[in-house]
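Protein chains in written order, with my numbering: chain A, 1 to 115; chain B, 1001 to 1113. For each residue, glycine too, the CB sits at the ideal point set by N, CA and C.
Here it is in structure tokens:
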């Protein structure tokens, strides 16, 4: 399935590094999401973009910086992360934020390890 | 009370068994409900949407009980391949309110031979 793709699939970084996660959706959707999934915890919504505009920031620390240049692409820029930020980062998309279809489709995720 | 709550399990059942999970939600104005399946170290994949009238897809049946604010998933004739974590997801209320999905922590199912 290639509806939502994410790169890289695995990332190991030091606390002083700067890296970016990329998400691309090929479903013609207008809403995109970043989630964090830590071990044995539920999915935590981080950011929501609808028609390229950020509509939700769920109290995420500023060391995570999202960017949405168009409805098909979503980035998560990372800098000065902490070891507790190690998790699976999932991107998802849906038809749109306010529409009748809230069904979200997920990418395969980026497994991030912060040393 | 958590917004969306699930029994983490694990539910250990033999092949061929019928198993049911419930998921309770706190927001009575929620409008959309889903069941996702997540395999170990993989992304969640949509299993089925949950409609007011209930819906069935093969061996899987989903029900919504608005009065008691829970959704359920019934799996009949369990297969080994059904072993996974099942996440329920519920959206927020209204047109301008929060409509991003809130996920439960998942119920782990292990089907044994």
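Residue 1041(B) sits exposed, since fewer than 16 C-beta atoms from the chains shown fall within 10 Å of its C-beta.
Counting C-beta atoms within 10 angstroms of its own C-beta, residue 1066(B) has fewer than 16 neighbours from the protein chains shown and is therefore classed as exposed.
Where residue 73(A) is concerned, the enclosing beta strand (DSSP E) starts and stops at 73 to 79. As for any beta strand (DSSP E) of minimum length 3 sitting wholly inside the stretch 24 to 79 of chain A, the runs are 31 to 37, 44 to 50, 53 to 57, 64 to 70 and 73 to 79, ordered along the chain. For residue 1067(B), no CB of chain A lies under 8 Å from its own CB, so it is not counted at the interface with that chain. Between the stretch 1014 to 1027 of chain B and the stretch 1076 to 1089 of chain B there are three or more inter-stretch CB-CB distances shorter than 8 Å, so the stretches are counted as touching. With respect to chain B, the C-beta atom of residue 102(A) has a partner C-beta closer than 8 Å. The C-alpha of residue 3(A) is placed about 17 Å away from the C-alpha of residue 89(A). Residues of chain A whose Cβ lies closer than 8 Å to the Cβ of residue 1044(B) are, in chain order, 43, 90 and 106.
Secondary structure of residue 8(A) (DSSP, three-state): coil. Comparing C-alpha distances from residue 1073(B) to each of 1081(B), 1016(B), 1107(B) and 1103(B) shows the shortest one belongs to 1107(B).
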